[in-house]
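A.B. asks: Handing you this structure, nothing more for now.
2 protein chains.
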Amino acid sequence: MSLDLFFDPKSVAVVGASRQKGKVGREIVVGLVSGGFPGKIFPVNPNAEEVEGLPCHPDLKSIGTVPDLVVIVVPPKFVASVMKECAAVGVKAAIVITAGFKEIGAEGRQLEDTVMQIARRAGIRVVGPNCLGIMVPGRKLNASFGGDLPAIGGVGYVSQSGALLIAILDMARANDIGFSTMISIGNKSDVDELEIMSALGQDDQTSVVAGYLESITDGDRFVRQMEKISQDKPVLLIKSGGTGAGARAASSHTGSLAGNETAYEVIFDRAGIIRCDSVRTQFDYAQAFVHQPLPPGRRVAVITNAGGPGIMTADAIERKGLTFARLTDETIARLTENLPSAANVNNPIDVLGDALHDRYEFALDVVLSDPGVDAVIVVLTPQAMTDCMETAAAVLRAAKKIPDKTILASFLGGLKIAEAARLLRRGGVPQYDSPESAVTTLRVMCDYVAWRNRPKRVVKLFPVNRRKVEQIIERHLRRGVREIAEMESKEILEAYGFVTPKGMIATSAEQAAGIADQLGYPVVMKIWSPDIIHKSDVGGVKVALNSPQQVMDAFDLMIYRIPKKMPGADIHGVLVQEMCKGGMEVILGMNRDPHFGPLLMFGMGGVTVEVLKDVAFYLAPITAEEARDMLTRTKAYQLLEGVRGQEGVDIAAIAEGIQRLSQLVTAFSEIREMDINPFVVGPEGTTPVAVDARISVEKT
Amino acid sequence: MSLDLFFDPKSVAVVGASRQKGKVGREIVVGLVSGGFPGKIFPVNPNAEEVEGLPCHPDLKSIGTVPDLVVIVVPPKFVASVMKECAAVGVKAAIVITAGFKEIGAEGRQLEDTVMQIARRAGIRVVGPNCLGIMVPGRKLNASFGGDLPAIGGVGYVSQSGALLIAILDMARANDIGFSTMISIGNKSDVDELEIMSALGQDDQTSVVAGYLESITDGDRFVRQMEKISQDKPVLLIKSGGTGAGARAASSHTGSLAGNETAYEVIFDRAGIIRCDSVRTQFDYAQAFVHQPLPPGRRVAVITNAGGPGIMTADAIERKGLTFARLTDETIARLTENLPSAANVNNPIDVLGDALHDRYEFALDVVLSDPGVDAVIVVLTPQAMTDCMETAAAVLRAAKKIPDKTILASFLGGLKIAEAARLLRRGGVPQYDSPESAVTTLRVMCDYVAWRNRPKRVVKLFPVNRRKVEQIIERHLRRGVREIAEMESKEILEAYGFVTPKGMIATSAEQAAGIADQLGYPVVMKIWSPDIIHKSDVGGVKVALNSPQQVMDAFDLMIYRIPKKMPGADIHGVLVQEMCKGGMEVILGMNRDPHFGPLLMFGMGGVTVEVLKDVAFYLAPITAEEARDMLTRTKAYQLLEGVRGQEGVDIAAIAEGIQRLSQLVTAFSEIREMDINPFVVGPEGTTPVAVDARISVEKT
């Protein structure tokens, strides 16, 4: 069943309707009546004869027809019996406004479970409990206690906080923001944010999907579904609070580098969701996305009647990484010919303090026709001669003439520009109270365009030895061992096509020298113990050993010294390994977020990864383009390309490593976190080596 | 002479006064009259009998008394003769409103020079030309064409853009921001931003100095003076455009890393100036600084009537690096006892959606008395029961009771909270339309407190051989050589107490081997040519050479290969140098900004400095604390302290290196840029070695 009965009911019953002023049961009926709901409204209350002039029914059954939607506002202890009544008469959609359920603790949770069980059995879809209700201004449906219906507009809003929704409605009224739908989802016991947003994604009246969320019910589905919605419509979300994943103790670098917010950044990035840090920025973005075309490119021109604000806008364009448009000679010639000689005809175009609307309109027409301009920001200060209203009208005319380029306005001031600002906003040219906000909005639009135009995602699958990995992981889980030791970690990597250095465990100095002789010098030696995670911290790593004597010395020193530093450690021997010469050390890793799954990490290797934190995360499974994109997002990327006479490394080989890692962690949800560190990569055409790895597993 | 005649004149003459509507010459007189200026107003115009009911004088002389202040609004070509008249009658202060001077090009510049020459000779101080004028609301002085006087308040504002000032006035009216003074400085031909801001710094009516600047006239004086002002009062500046220094070709790493904005960041940092990126944020900060006490610490409590906005505020507190206050047991007990059981008594304190003003007031009283709370943010959403106005009044009462902690409000909404917001603002509790803005403001206040409490600046002077450096630099300048070659660069460093590696130039392979034998192995070899700046780019650096044979090979290969890569290079030989073993490589550098002087830089050395750009800048001369502070501002700081079993380095020794560098570049303004790279620093107690240096000089 779709959610149509919630958004477009032909009849609504309000159970708990009340005549008493200030009661929510009255507010709901008032909302429906004064909103002009064209369908039937049935107040239900055994103790009232009429509410708001409508005859009151003692119960649902006595209505005589099955209402499409039932709004429940009775006290919490009566909700279950009302739900039973709904089931009995065949209701299919209910909004439970009533609070006092799981948000108040164990007792409430039990009550909520009971109610939802009844609903589920009867196939009743439920919004709430503990919510404000639903508003659909275009259908004159106000099944909420949020006050008057807002203006009709293109924003579909879903909020996990009813109180915030009230503030948003009030702010929207003051800022000419209109809505297609507003839904408060409360405890989202049945209908959740994803279902609502999917419905908004398909709703013709909604051009921007926006919301305020505190939690996400199903991370995996959320990512997949939001990616689809974002492809059609921009999704603007405020997400408060973290996932709590950061609080877990991490045993890998990747785990310790993945902060509380990393998962949200990664999944928003992947799904094309535009994150907003306040309602104000959400409105800033929303009005542009609703009313303006997406910018065809990043080249911005500025038209202003004052130098200072022009420079401020230019500064913001540079700071935000947009391109300051270069006007064509033709544009400059036309501007020069028609503007006063003191005007600046180069971007930012200064039409001067005495400019009337005609000068603005002319400049705007000319600049919008310039093929080198993708977007224009119109800046105005209300000087003595300035005709704010006429200028606003001129901007709207110009915008109509050339509807395929983005136009944003920043009329600066307070009372003097208030009316013009309203005219602009209502006419579809978003108005910002600072040029910085206009530029930030434009940048967000450009990023959305880039995301929408990203190449089609094709995740490459490599031939691997899956069975081998399964066996190792199963063995560990059976024995309750979480950390997979180095030798078996390497077997896992080899099974997924990684090349690892040759090496063997020695249990005596002589054996170590023998292995080294076989491998050839120089060699690396590492203490081998399941209890020692950070080997170098305890002197458990020696590199560049060049002779049997050095190998034997290193063995004996480790075996003698390390137990003193870590008395309890179970030491199995010392790994003697061929030494990787040359190449650059990077780190590949994965940390599994409890909600969203495997977050892949790339960074420069060595001790610096933890200190400089120059790393990039992305959600698995990953495509080749996305893997390469991860690399370019680190500052160290230049080092990979080669700088200052130093040769670059095989970037495609690193990207392949990330893809193989992605395939491994996607296949095995038991892998909780892992590092391949260092992953040593050489010049183009060489095969990188996974020198060391740390993998931890847990039952799923 | 102080600027008193501008801010507190007893009489004002307006030369160019006009009766014609829309003329600036009329606006000025209207401004003075309708503003209620208590002193005498003398319109001057030979062609009018009266203006705005005041008798008009044909010229200044015929007034019969010398006006304290003359406002000049005649066309540009007449300004010089008016200025002569001013000189003749003994006027000492003039505002030239008229535009059409140096801002329009060469012709205007000449006109301006003429006018200013007359003024200078006669000892007349001039504000302008090309400005809006001056407003001092507290004295009912409106000598401007900016419209009505703004409200009286604590903000002293100086703007280099008159048009922006008009917008600011209009925005201020809508946002209840009051001003002590507003000055448009225009072309600032005489009175500049620094003089005005110094005057505002000493003005009792001004508690916040704010401004919009496009250029800074005297960088050096600016820094010193602003540091003094900031010590007393916060300085809030919008600075648009860069210094242009970044555009110069740089020959050092430091030069290429110092961006266009670096100098401003550094000097604002040093002088305690708070940089604002828009008028909106400037207002956000100004209202808090004017009305609220500085926060005694960073521990913030939140009181809210809705969970969602409470979490959003908490998120912002974490993001902005403030501390989420932990309430004492006593506070929690008192809250628990008096608030409803469903209320959240831990920070953020949720007084619930049905809270009236009394619940807010109680919670605010209790939380403000908690010794663990330095500041409180009051968040409100206008729900059904909410009494916005009464709550605003309650907040004001609580703020009065405990006046030593910072209280900011964020009432969320539009029309429903508009009146309450006004009540709050007018009552001295700043109101923000998003919690994020309140938190950002609080962070800025905390940073200002930290800056004010910084230790006293004492620049240490080391005993050095100044004469030696003077000789080297003089010799280079005489010969027109800008780059000081390696050997002499090291002499300079040694003269300032740096230790450099031993080494000599070899001109033959055999000589090279001989030098290496003397120094002891391993050695480093570097091509020695004034034409080769980036030696490693052309294979001109070889390290870890261990035998006479390796040294001879390296010599011959360089001499053979490098001329092929750089055919024109003048090669003097090869430097053979002892090799620095161990230690960490950092870079110390300096880039001289044309306006503000020597910017010192610190960063991690090697090829990574350019790629990761993990560097910190500071203005010389520097103190020991500031030098250490530079180190901590880099991400690599942890590496210096030692991580993962790796020993740390002598941090004080690096700080001393920075101070010595500071002393050198302060003493010699001929040094335009320099790098000490690498500066190799070992464990505590060891002496760092300046392995390589690049110094470029120019005539000053």
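Protein chains in written order, with this note's numbering: chain D, 790 to 1489; chain F, 790 to 1489.
Cβ coordinates follow ideal geometry from the N, Cα and C atoms, glycine included.
Note that the structure is predicted; figures quoted are calculated from it, not measured.
Apart from the five residues just before and just after Ala1036 of chain D, which ones in its own chain have a Cβ nearer than 7 Å to its Cβ?
C.D. replies: For Ala1036 of chain D, the predicted structure reports a pLDDT of 41, less than 50, and the residue's modelled location is therefore unreliable. A value from the coordinates is still provided. So no residue of the chain qualifies.
A.B. asks: Is the Cβ of Asn1094 of chain D closer than 8 Å to any Cβ of chain F?
C.D. replies: Cβ-Cβ to chain F under 8 Å: yes for Asn1094 of chain D.
A.B. asks: Should Ala1173 of chain D be flagged as near chain F, meaning a C-beta pair shorter than 8 Å?
C.D. replies: True, the Cβ-Cβ gap to chain F drops below 8 Å.
A.B. asks: Going by DSSP, which residues form a beta bridge with Asn1380 of chain D?
C.D. replies: Paired residues: D:Leu1388 and D:Glu1462.
A.B. asks: When we look at the beta-carbon of Lys891 of chain F and count the other beta-carbons within 10 Å, is it buried (16 or more) or exposed?
C.D. replies: Buried: at least 16 other Cβ atoms inside 10 Å.
A.B. asks: May I ask which residues mark the beginning and end of the beta strand (DSSP E) holding Met971 of chain F?
C.D. replies: Where Met971 of chain F is concerned, the enclosing beta strand (DSSP E) stretches over Phe968 to Ser973.
A.B. asks: For Ile1138 of chain D, collect the residues of the same chain with a Cβ closer than 6 Å to its Cβ; drop the 5 residues on either side in sequence, then sort them by chain order.
C.D. replies: Within the same chain, Ile1138 of chain D has close Cβ partners Ile1092 and Ala1152.
A.B. asks: Does the beta carbon of Arg1267 of chain F come closer than 8 Å to any beta carbon on chain D?
C.D. replies: So, not an interface residue.
A.B. asks: Tell me the residue span of the alpha helix (DSSP H) that contains Ile941 of chain D.
C.D. replies: Not the alpha helix (DSSP H): Ile941 of chain D falls in the beta strand (DSSP E), residues Ile941 to Ser948.
A.B. asks: Is the beta carbon of Val1340 of chain F sitting closer than 8 Å to the one on Val1313 of chain F?
C.D. replies: Against a cut-off of 8 Å, the Cβ pair of Val1313 of chain F and Val1340 of chain F comes out as no contact.
A.B. asks: Please classify Ala999 of chain D: is it buried, with 16 or more other beta-carbons within 10 angstroms of its beta-carbon, or exposed?
C.D. replies: With 16 or more Cβ atoms within 10 Å of its Cβ, Ala999 of chain D is classed as buried.
A.B. asks: Comparing C-alpha positions only, which one of F:Phe1468, F:Leu1453 and F:Pro1467 sits nearest to Arg1461 of chain F?
C.D. replies: Considering only alpha carbons, the answer is F:Leu1453.
A.B. asks: Which residue spans inside the stretch 1415-1489 of chain D form an unbroken alpha helix (DSSP H) run of at least 4?
C.D. replies: Within the stretch 1415-1489 of chain D, the complete alpha helix (DSSP H) runs of at least 4 residues are 1426-1430 and 1440-1456.
A.B. asks: For Gln1366 of chain D, list the residues DSSP reports as bridge partners.
C.D. replies: Answer is D:Gly1292 and D:Val1313, bridged to Gln1366 of chain D.
A.B. asks: Alpha carbon to alpha carbon, how far is Glu1150 of chain F from Leu1128 of chain F? Give it in angstroms, no decimals.
C.D. replies: In a straight line, the C-alpha of Leu1128 of chain F is about 11 Å away from that of Glu1150 of chain F.
A.B. asks: At a CB distance below 7 Å, what residues from the stretch 990-1012 of chain D approach chain F? Give them in sequence order.
C.D. replies: Residues Tyr1001 and Glu1003.
A.B. asks: I need the DSSP call for Cys1065 of chain D, collapsed to helix, strand or coil.
C.D. replies: Coil.
A.B. asks: Which one or two residues does DSSP pair with Thr1093 of chain F in a beta bridge?
C.D. replies: BP columns for Thr1093 of chain F point to F:Asp1139.
A.B. asks: Going by C-alpha distance, which of F:Tyr1221, F:Gly1216, F:Lys829 and F:Thr1125 is nearest Ile1166 of chain F?
C.D. replies: Here the closest residue by C-alpha is F:Tyr1221.
A.B. asks: In chain D, which residues lie less than 9 Å from Thr1230 of chain F when you measure between Cβ atoms?
C.D. replies: Within chain D, no residue comes near Thr1230 of chain F; the closest Cβ sits about 13 Å away, beyond 9 Å.
A.B. asks: Taking DSSP's pairing of strands, which residues face Val915 of chain D in a bridge?
C.D. replies: Answer by DSSP bridge pairing, in chain order: D:Ala883.
A.B. asks: How close, in whole Å, do the beta carbons of Ala1482 of chain D and Lys1257 of chain D come, if the pair is a contact with beta carbons under 8 Å?
C.D. replies: Not really, about 15 Å apart at Cβ, beyond 8 Å.
A.B. asks: Which residues in the same chain have their Cβ closer than 6 Å to the Cβ of Phe1078 of chain D, if we skip the five residues on either side of it in sequence?
C.D. replies: The residues are Val997 and Pro1023.
A.B. asks: Is it true that the CB of Val1155 of chain F sits closer than 8 Å to the CB of Ala1114 of chain F?
C.D. replies: For Ala1114 of chain F and Val1155 of chain F, no; Cβs fall outside 8 Å.
A.B. asks: Short of 7 Å Cβ to Cβ, which residues in the stretch 1419-1433 of chain D face chain C?
C.D. replies: Of the chains in the structure shown, none is chain C; the protein chains are D and F.
A.B. asks: Taking a cut of 9 Å between CB atoms, which residues from the stretch 1204-1233 of chain F lie near chain D?
C.D. replies: Listed by position along the chain: Leu1204, Lys1205, Ile1206, Ala1207, Asp1222, Ser1223, Pro1224, Glu1225 and Ser1226.
A.B. asks: Check each residue of the stretch 1099-1111 of chain F: if its Cβ is closer than 7 Å to any Cβ of chain D, include it; give the result in chain order.
C.D. replies: Going along the stretch 1099-1111 of chain F in chain order, one finds Ile1100, Met1101 and Asp1104 with a Cβ nearer than 7 Å to chain D.
A.B. asks: Name, please, each residue of chain F whose Cβ falls closer than 9 Å to the Cβ of Phe934 of chain D.
C.D. replies: By Cβ distance, chain F contributes Ala1173.
A.B. asks: If you measure between the beta carbons of Leu1212 of chain F and Asp1159 of chain F, is that distance less than 8 Å?
C.D. replies: Against a cut-off of 8 Å, the Cβ pair of Asp1159 of chain F and Leu1212 of chain F comes out as no contact.
A.B. asks: Report back the beta-carbon spacing between Pro1472 of chain D and Ala956 of chain F to the nearest angstrom; my notes put them in contact at under 8 Å.
C.D. replies: The Cβ separation is near 57 Å, so there is no contact.
A.B. asks: Using a Cβ-Cβ cutoff of less than 7 Å, which residues in the same chain neighbour Gly1216 of chain F once the five nearest sequence positions on both sides are dropped?
C.D. replies: Same-chain partners within the cutoff: Leu1185.
A.B. asks: Using a C-beta to C-beta distance shorter than 8 Å, which residues of chain F count as neighbours of Ala1131 of chain D?
C.D. replies: Within 8 Å Cβ-Cβ: Ile893.
A.B. asks: Taking the alpha carbon of Ala1456 of chain D as the point to measure from, which residue in D:Ile1411, D:Arg1417, D:Pro1311 and D:Ile1005 has its own alpha carbon closest?
C.D. replies: The shortest C-alpha separation from Ala1456 of chain D is found at D:Ile1411.
A.B. asks: Could you tell me how far apart the beta carbons of Asp1009 of chain D and Phe1385 of chain D are, in whole angstroms, since I believe they sit closer than 8 Å?
C.D. replies: The pair is a contact, with the Cβ atoms about 7 Å apart (cut-off 8 Å).
A.B. asks: Here's the rule: buried if 16 or more other CB atoms are within 10 angstroms of the residue's CB, otherwise exposed. What is Thr1421 of chain D?
C.D. replies: Exposed, since its Cβ has fewer than 16 Cβ neighbours within 10 Å.
A.B. asks: Could you check whether the stretch 946-962 of chain F touches the stretch 1095-1110 of chain D, counting it as contact only if at least three pairs of C-beta atoms, one from each stretch, sit closer than 8 Å?
C.D. replies: Yes, since at least three Cβ pairs between the stretch 946-962 of chain F and the stretch 1095-1110 of chain D fall closer than 8 Å, the two stretches touch.
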